[in-house]
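Colleague: Right, I'll just put the structure down here and ask away after.
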Amino acid sequence: DVKVTQSSRYLVKRTGEKVFLECVQDMDHENMFWYRQDPGLGLRLIYFSYDVKMKEKGDIPEGYSVSREKKERFSLILESASTNQTSMYLCASSFMGQGAFFGQGTRLTVV
Amino acid sequence: GNSVTQMEGPVTLSEEAFLTINCTYTATGYPSLFWYVQYPGEGLQLLLKATKADDKGSNKGFEATYRKETTSFHLEKGSVQVSDSAVYFCTFSHGSSNTGKLIFGQGTTLQVKP
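Quick note, the sequences are listed as chains A and B, same order.
Numbering follows the numbering used here, with no gaps: position 38 of the first sequence is 317.
Numbering follows the numbering used here, with no gaps: position 70 of the second sequence is 76.
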């Protein structure tokens, strides 16, 4: 089975901090994604990566950046956390459009 | 633009009732269609998929048929259980066929009561 692992289930950070959310997949998938999930808004794509060092903005990239130095790891970076970035963050990976496999999610609270 | 519309929840059913969650999509080309399920406190799991018109995806008693003429992918189950209580997301992939980038509906919460 594909395993997508996010480094933290719960995270509390202060406004202005730089925050790193890490995601690792073990199936050699080319594509990796970061979504955020908010009540009433469903899932919205922040960034995705289709290869090492390659990235593309999603629907809501403002305030975020990403890093993909190795194929299995995709990091989401909040340069200066703000309270409106309090959310559930979900990482996913996929191969050849065969649907995406998700991690368990990181619930981030910015205070 | 590309979008997914799901029926609003919550949907509340008694155990063994018949379930339908409606989903329609707007997309160019021939997207692959998926249903995902999210149990409380967990990430999303792929429930079933269909990659071309008239395909039927099925898993764990759930079914959905890719209807290109009505751009729909309704989720059905003949007899729901309390353990089916979760949020269900209808999605499709768009853009280049091998990116796996997904467009999500807002999700439908299902509550099954004993």
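The beta-carbon is built from N, C-alpha and C at its ideal position, and this holds for glycine as well.
Taking the alpha carbon of Glu309/A as the reference point, which residue from Gly378/A, Val389/A, Ser366/A has its own alpha carbon closest?
Modeller: Position 30 of the first sequence, counted from the start, is the residue given in the question as residue 309/A. The option with the nearest alpha carbon to Glu309/A is Gly378/A.
Colleague: Using only CA atoms, which one of Gly49/B, Glu22/B, Lys74/B lies nearest to Leu39/B?
Modeller: Taking the second sequence and counting its residues from 1, the one referred to as residue 39/B is at position 33. If we check each option's Cα against that of Leu39/B, Lys74/B comes out closest.
Colleague: Between Ser359/A and the rest of its own chain, which residues show a CB-CB distance below 6 Å, the 5 nearest in sequence each way excluded?
Modeller: In the first sequence, residue 359/A corresponds to position 80, counting from 1. Counting only Cβ-Cβ distances below 6 Å, and skipping sequence neighbours, we find Gly295.
Colleague: Decide if Leu357/A is buried, meaning its Cβ has at least 16 other Cβ atoms within 10 Å, or exposed.
Modeller: By 1-based counting over the first sequence, the position of residue 357/A is 78. By the 10 Å Cβ count, Leu357/A comes out buried.
Colleague: In the region 312-381 of chain A, which residue ranges form an unbroken beta strand (DSSP E) of at least 3 residues, counting only runs that do not cross its ends?
Modeller: As far as the region 312-381 of chain A is concerned, its whole beta strand (DSSP E) runs of at least 3 residues are 321-330, 333-336, 343-349, 352-357, 366-373, 379-381.
Colleague: Touching or not, the region 92-99 of chain B and the region 22-40 of chain B, by the rule of three or more beta carbon pairs under 8 Å?
Modeller: Touching, yes.
Colleague: Assuming Ala92/B and Glu82/B form a contact by the criterion Cβ under 8 Å, report the distance between their Cβ atoms to the nearest whole angstrom.
Modeller: As a working note, residue 92/B is residue 86 in the second sequence. As a working note, residue 82/B is residue 76 in the second sequence. Not quite, the Cβ-Cβ distance comes to about 15 Å (not below 8 Å), so this is no contact.
Colleague: How many angstroms separate the CA atom of Ser20/B from the CA atom of His80/B?
Modeller: Residue numbering aside, residue 20/B sits at position 14 when the second sequence is read from its first letter. Residue numbering aside, residue 80/B sits at position 74 when the second sequence is read from its first letter. Using only the alpha carbons, I get a separation of about 20 Å.
Colleague: At a Cβ threshold of 9 Å, is Asn310/A touching chain B?
Modeller: Along the first sequence, one-based indexing puts residue 310/A at 31. By this cut-off, Asn310/A is an interface position.
Colleague: So Leu135/B contacts chain A; which residues on that side make the cut at Cβ distance below 9 Å?
Modeller: Past the boundaries of the shown model lies residue 135/B; chain B is included only from 7 to 120, so the question cannot be answered.
Colleague: Does Gly35/B get closer than 9 Å to chain A when you measure Cβ to Cβ?
Modeller: Counted from its first residue, the second sequence places residue 35/B at position 29. No, no contact with chain A.
Colleague: Measure from the C-beta of Val298/A to each C-beta in chain B and report whether the shortest distance is under 9 Å.
Modeller: Position 19 of the first sequence, counted from the first residue, corresponds to residue 298/A. False, the Cβ-Cβ gap to chain B never drops below 9 Å.
Colleague: May I ask you to list the residues that DSSP assigns as paired with Ser9/B?
Modeller: Residue mapping note: residue 9/B aligns to position 3 of the second sequence, counting from 1. Answer by DSSP bridge pairing, in chain order: Thr32/B.
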